[in-house]
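The working numbering applies: residue 66 is where the sequence shown begins, and numbers increase by one.
Glycine residues also receive a C-beta, built at the ideal position from the N, C-alpha and C atoms.
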Amino acid sequence: MLKHISYQTNPKIEQKLWLDEFIKWTNLNTTAESCKVFGVKQFQLSTPISFSGNMLSRCFRQYGRTTSLPLLNEWQKKESDGPIFDNNNVFLAYFLSTPSKYNFSTVFKEMKPFFDFIDSIKVKRSEISGKQFNEPLILTASGIAKLYDLLERILNGTAISVFISLIVSMMVIIFITFNVILSFLAIICIATIVTVTVATVLWIGWTVNVVEATIIVLTIGMSFDYCLHFAVGFRLHKTNDYR
Numbered sequence: 066m067l068k069h070i071s072y073q074t075n076p077k078i079e080q081k082l083w084l085d086e087f088i089k090w091t092n093l094n095t096t097a098e099s100c101k102v103f104g105v106k107q108f109q110l111s112t113p114i115s116f117s118g119n120m121l122s123r124c125f126r127q128y129g130r131t132t133s134l135p136l137l138n139e140w141q142k143k144e145s146d147g148p149i150f151d152n153n154n155v156f157l158a159y160f161l162s163t164p165s166k167y168n169f170s171t172v173f174k175e176m177k178p179f180f181d182f183i184d185s186i187k188v189k190r191s192e193i194s195g196k197q198f199n200e201p202l203i204l205t206a207s208g209i210a211k212l213y214d215l216l217e218r219i220l221n222g223t224a225i226s227v228f229i230s231l232i233v234s235m236m237v238i239i240f241i242t243f244n245v246i247l248s249f250l251a252i253i254c255i256a257t258i259v260t261v262t263v264a265t266v267l268w269i270g271w272t273v274n275v276v277e278a279t280i281i282v283l284t285i286g287m288s289f290d291y292c293l294h295f296a297v298g299f300r301l302h303k304t305n306d307y308r
């Protein structure tokens, strides 16, 4: 299963698993009898042998004394796999770290295919032996995942934020000018400015990231401030009261 996931991630790399070396160790004559069951495939036995997570944890630790246990580093560029223990030597999980065929990027448009690929990986529970083990959790570096989540929220929330801002702006202008037509024209002016700004950003090839979202927010704020002052001045021009 681990090799299948590794191949899907990057078909060009042939993964050499720490688990393969562990299985070879279980077949040695010096290995304890309780650990040798992990080196035998279940279909080769007339009577399938059941084992617990404690047995696997104990055998992992025994093999780890004869060799070095791999360390989980989410930023490493080479392939790695191995068991994860807590401070009390309790087996928590088994990790597999391998580079993918996707290039590193902080742009949402270039990051999305990688996260779509992660979502598309489906591992059936029947492929995992033992009822005590859950389905695998496929992740990338925590920093990249947080950045992608932020950019996804910005992309999905920008349109809603712009719509709410226009509604609030129209209500404020109506209460200040007490002129529905004048307020409606001011909102049209603000909406036009925002539309032109977004169109310009997309036309020059930018994507909606943190910088672009900030530009849109500043555009709404400045256009609202200008249109509000202009609408109030236009309403008061008949009385010559420009205070």
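- A distance of 8 Å or more separates the beta carbons of Phe-228 and Ile-255.
- Take Ser-170, set aside five residues on each side of it, and the residues of its chain with a beta-carbon closer than 7 Å to its own are Met-176, in chain order.
- Ile-281 is the residue among Ile-252, Ile-253, Ile-281 whose C-alpha sits nearest the C-alpha of Val-266.
- Distances from the alpha-carbon of Asp-85 to those of Leu-136, Asn-138, Pro-148, Asn-119 put Pro-148 closest.
- Looking at the DSSP output, Leu-161 bridges to Asp-146.
- With contacts defined by Cβ atoms closer than 8 Å, Asp-151 and Trp-83 do not form a contacting pair.
- The continuous alpha helix (DSSP H) containing Asn-221 extends over residues 207-242.
- Taking Leu-136 as reference, the option from Asn-119, Ala-158, Met-120, Leu-121 with the minimal CA-CA separation is Ala-158.
- DSSP places Phe-173 in the helix class (H, G or I) of the three-state scheme.
- By the Cβ neighbour-count rule, Ile-269 is exposed, with fewer than 16 other Cβ atoms within 10 Å of its own.
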